[in-house]
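Asker:
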Amino acid sequence: MTTDSLILPIALPLLGALLTTALPRIAPLLGVIAATLTALSGLWLTGQVWGGDALNIVLGGWGLPLGIGVAADGLSASLLAMSSLVGLGISVYAVGYFAGSDRGLHFWPLWLLLWTALNGVFLAADLFNLYVMLELLGLSAAALGALTGSREAVAANLRYLLVGLLGSMSYLLGVALIYTAYGTLDISLLSERIEPSALAATSVVLMTAGLALKAALFPLHFWLPPAHANAPAPVSAALSALVVKAAFYLILRLWTDLFANITTTGAAFILGALGAGAILWGSWRALRAERLKLLAAYSTVAQIGYLFLFFPLLQAMPPGPARDDLFAACVLMAVTHGFAKAGFFLAAGLVQKNAGHDRIDELGGAAQSMPATTFSIALAGSALIGLPPSGSFIAKWVMMRGAFETGQWWWLIVIVTGTLLAAAYIFRVLSRAFGQEPTPRCFVTDARAEIPALLLALSSVALLGLAAGPIWSLLGFEGVQT
Amino acid sequence: MSQLLTWTALLPGAILLSSLVPGALIFLLKEESHLLRGVLNMAGAIIKLVLVVVLIWGVFLGGVFETRITIAPGLDLVLHADALSVLFVTLSTVLWLVTTIYAIGYLEHSPNRSRFFGFFSLCVSATVGIALAGNLLTFVIFYEILTLATYPLVAHRGTPDATRGAKIYLAYTMAGGVALLIGAVWLRSLTGPVDFVEGGVLATMPEALHPQLIAIFLFLLVGLGVKAALFPLHGWLPQSMVAPAPVSSLLHAVAVVKAGAFGIVRVVYDVYGVEFASQLGLLTILGVMASITIVYGSIMALSQDGLKKRLAYSTVSQVSYIALGASILGPIATIGGVVHLVHQGIMKITLFFCAGNYAETLGVHKVSEMDGVGRRMPWTTLAFTVGALGMIGIPPIAGFVSKWYLGLGAAEAGEHWVLLILAASTLLNAGYFLPILYKAWFREPPKSWPQEHVFDSRFETMGALLWPPLITAALCLIAGLLAAAPFSPLEWATLIARREYAP
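Which chain is which? The protein sequence lines are F and P, in order. To get the numbering used here, take the position in the first sequence, counting from 1, and add 5. To get the numbering used here, take the position in the second sequence, counting from 1, and add 684.
1) In whole angstroms, what separates the C-alpha of P:W741 from that of P:W691?
2) For the alpha helix (DSSP H) containing P:F1139, name the first residue and the last one.
3) Is the beta carbon of P:G707 less than 8 Å from the beta carbon of P:G849?
4) Mind checking who P:D760 pairs with in its DSSP beta bridge?
5) Output yes if chain P places a C-beta closer than 8 Å to the C-beta of F:F432; else output no.
6) If you drop the 5 nearest sequence neighbours on each side, which residues of the same chain put their C-beta closer than 8 Å to that of P:V941?
7) Which same chain residues end up closer than 7 Å to P:P757 when comparing Cβ atoms and leaving out the 5 residues on each side of it in sequence?
8) Taking buried to mean at least 16 other C-beta atoms within 10 Å of its own C-beta, is P:F1126 buried or exposed?
9) Anything in chain F within Cβ reach of P:S873, meaning under 9 Å, just list it in chain order.
10) Output the boundary residues of the alpha helix (DSSP H) element that contains P:S987.
11) Tell me, please, which residues DSSP counts as bridged to P:K1050.
12) At the level of alpha carbons, what is the spacing between P:P895 and F:A327?
13) How would you list, in chain order, the residues of chain F whose beta-carbon sits under 7 Å from the beta-carbon of P:L733?
14) Does any residue of chain P bring its CB to less than 8 Å from the CB of F:A99?
15) Please name the residue in P:V808, P:S794, P:F772 whose C-alpha comes closest to that of P:L704.
16) So, P:A1043 versus P:A1157, is the Cβ gap smaller than 8 Å?
17) P:L1013 to P:V958, Cα distance in whole Å?
18) What does P:A817 pair with, by DSSP beta-bridge criteria?
19) Out of F:L292, F:W416, F:L319, state which residue places its alpha-carbon closest to the alpha-carbon of F:Y430.
20) Taking the straight line between their C-alpha atoms, what separation do you get for P:V906 and P:G947?
21) F:A307 to F:L247, Cα distance in whole Å?
22) Which whole-angstrom value is the C-beta distance of F:G92 and F:W120, which I expect to be below 8 Å?
23) Give a yes or no on whether the minimum CB-CB distance between F:L392 and chain A is below 8 Å.
24) Please state whether DSSP places F:R296 in a helix, a strand or coil.
25) Under 8 Å between the Cβ atoms of F:G396 and F:L314?
26) When the distance is taken between beta carbons, is F:P394 closer than 8 Å to F:V336?
27) What residues from chain F crowd round P:V824, counting only those whose CB sits closer than 8 Å?
28) Within the chosen definition, does the region 179-187 of chain F reach the region 227-242 of chain F through at least 3 CB pairs nearer than 8 Å?
29) Would F:L218 be called buried (16 or more neighbouring beta carbons within 10 Å of its own) or exposed?
30) Between the Cα of F:L195 and the Cα atoms of F:L149, F:A243, F:W260, F:G169, which residue gives the shortest distance?
31) Over the uninterrupted alpha helix (DSSP H) stretch that includes P:T1065, give me the two end residues.
32) Determine the chain P residues that contact F:S374 at a beta-carbon separation under 8 Å, and present them in chain order.
33) Would you tell me roughly how many angstroms separate the C-alpha atoms of F:P114 and P:T754, rounded to the nearest one?
34) Which residues does DSSP pair with F:I329 in a beta bridge?
35) So, for P:I1078: in the same chain, excluding its five sequence neighbours on each side, which residues have a beta-carbon less than 7 Å away from its beta-carbon?
36) Listed in chain order, which residues of the region 825-839 of chain P have Cβ atoms closer than 7 Å to some Cβ of chain F?
Set out below in structure tokens:
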């Protein structure tokens, strides 16, 4: 049972990818079935982690130092649950989006391959498998991003591919250093053995830098906006909501688990400072963006920044309930952003399809004629701003509390400025929806495409904003603090 | 949630949902389903009223009504009914019912009604959430939702003016929201979850933290002051007059402005505790800000020709009476401030309804066009007169009661300068309201009105537009005449003051 539940989230999408390649004629049908099964398996695994303890197995019949380890704990389960639900939403949406176009043929195998890699990153238990999965993720993501075949898209995604390779190389170099020093790549074994040394520090720097490049942490974000803004809407959603999270997940995992003994306040401060730069720069560029999808892409740069602000706070906070709260809030922030950004991109894609372009200044009519889609943008937007009730409001509340409690009040200025800038760029879009165009007849015009976007956006607000407790339970924090 | 789900634990939540659920359903309705939308609106408003009556009775008997949802460990969403929240809940419920009737009449044949009524219900739900908020986190959550829900209402008309007004509104309230958030989180990091408790919770804090508590109060005051339109944070209010009349009424009488004023009362009495706030010198800051706003708003109102703008500046001035009442240490001033929460609401909503009637029926938007409107629309003008005289403070209308208690409370506390402010404000109020009344009743009407609509009705205007101001004007009179009757706003404010000052 345990074996199955750990393997299925990786095996099912892989099988789906093979089948959709073999039978392109019924690819959308197979794709949706595979997506549903993948999502169910991911949720099943999440349920098991919730019920019991962390799970892990070793494949291939070899002992731990040699075999391929797969493991799931609260952190990976939370992100797995996010990727399951968001992935399902994207899949349902994609059926309508690609209907009657050849691009759909290439979409399904690549998307399912990307999903395989994503779940692989969340579940892999050793550093080398992580590398393999990361590489696979980068390749399939770049191929998906170039799906429109337009000159900008191909150029942007070629750059994305090269950047991804560079990032993986840097990461692999760090892994190689670790392996020569400690003779194992298993994360749990390593975290017991590792101790401060020049070599360990070098490998931390190499691995973090490589992953930060993949996570588009400022100032290494330059590749993200063109790549995400020029992809088809479901792909943009997957790239922005899920793929960057994989790299972030790894950094969080490495810093709080593997390298917990050797990270320093100074190093965490640098990550926080880069995050602050990302928030301010990303939000500013989003405010200046002329196109809706470019705005959403820059907003991702900014939101990734918030996630990195947690590092200096986590570093300074002594272990205890307050630190648990911070850690859970960090995960909550990542998960909320996943839902909100996916909803935002899917809705933006509909607006773009309806209007024929996505220039923000000319979107009034299109936005007003699609109430449900505009509503999705508004809901997702309020989660991006961090307005209540949304998961990111709760996360920001805890983050600001952490900043006060650890005396690092300067992060507050960044958080507040970022929030106001986010409000400005979101309402720049929303204010277009209140024009004097004729009244739309009803709320939902195209259910198959509008409902997934609406549900994703709604989850980021109502579900994660009012019932964030399960993330705490999933991470094993009982929350004794009152 | 291990607690027993009894009706007392469900009632506050049910009151919130009674407008939230119809609101959500209204969004989904087709534009042309007038009847269903009307039924949903009215059903929600009436169910809420019934639930609130039950709540009033329960709280009067000293029952505990609390709905508690744990968002995450240590972060609870609490809806808790105490005497103060019941006062505000009742005000918003009654006025929501009246405003809904008015809005249905006012917006007949205008576009985008599903969107309008959806956000309208959301707005009232947020107000009720603010009223029932049992801790600071819950208050902040609903305070921000209110900002979001009101934005589409201000922008509703879609004209460049409306877009601009909405933008200014958003800029002010967002900045205020952030200040409130900082204050709330800072306080949370010092004390743990901040529950609202009658009498305050901070008095026992060690002396070393007092400077921080003062700074926190200032953050909270800026955050709340934006919505309460305290000078110099009031700039959005006159700009958002572009909204349709029912929205202006709601903004001014019930929702936004009141949310700010109510928040100030909450922070002073139930977070800091009035004695402790006085000890820290915070009441002086609040009192000075409120006094400046009262005089400033009245002076600005004198020179406005636009009727709604004049009323808007009058709101700026009048709402600060509530803050002024909170800034004077002593139960009688508390009564005056708290009761004005209700009195200002019913008087101001009457005035805005009437302004809307003049605009809809005759196309009259300016004070200078109001010559002789009393002859064309006697009932509307009668209601307007009651509201205006009440604002000035003429007995036996509700406004007199507030001013009487404020003045008495100030004298009792030895703050005689407050009497001067009250006197100046009364003179100024008379200065900008009496000329309107004179024009309306005693000047000859013009040959033709700017833009007259003839409604198919036996009254001077559409019935749905006429009844609401008459009802609220009657409430103004009743609240003043029967101020000493049980369950009058004054009696309830006395109950609140008694509980706040209980040893």
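Virtual Cβ for every residue (Gly too), placed ideally from N, Cα, C. Treat the numbers as computed from the prediction; the structure is a model and nothing was measured.
Answerer: With the structure as the only source:
1) 14 Å
2) Where P:F1139 is concerned, there is no enclosing alpha helix (DSSP H), given that its DSSP letter is neither H nor E.
3) no
4) P:T754
5) yes
6) K911, A912, A913, L921, L935, T999, V1003
7) none
8) exposed
9) M405, R406, G407, A408, F409, E410
10) No alpha helix (DSSP H) contains P:S987, which DSSP labels as neither H nor E.
11) P:G990
12) 25 Å
13) Within chain F, no residue comes near P:L733; the closest Cβ sits about 26 Å away, beyond 7 Å.
14) no
15) P:V808
16) no
17) 7 Å
18) P:L763
19) F:L292
20) 11 Å
21) 15 Å
22) 5 Å
23) The question asks about chain A, but that chain is absent: this structure's protein chains are F and P.
24) strand
25) no
26) no
27) P393
28) no
29) buried
30) F:W260
31) 1062-1076
32) By Cβ distance, chain P contributes nothing, its closest Cβ being about 12 Å from F:S374, past 8 Å.
33) 42 Å
34) The sequence given here places Asp at residue 329 of chain F; Ile does not occur at that position. Its beta-bridge partners do not exist; DSSP assigns none.
35) F1084
36) I825, E828, I829, L832, P836, A839
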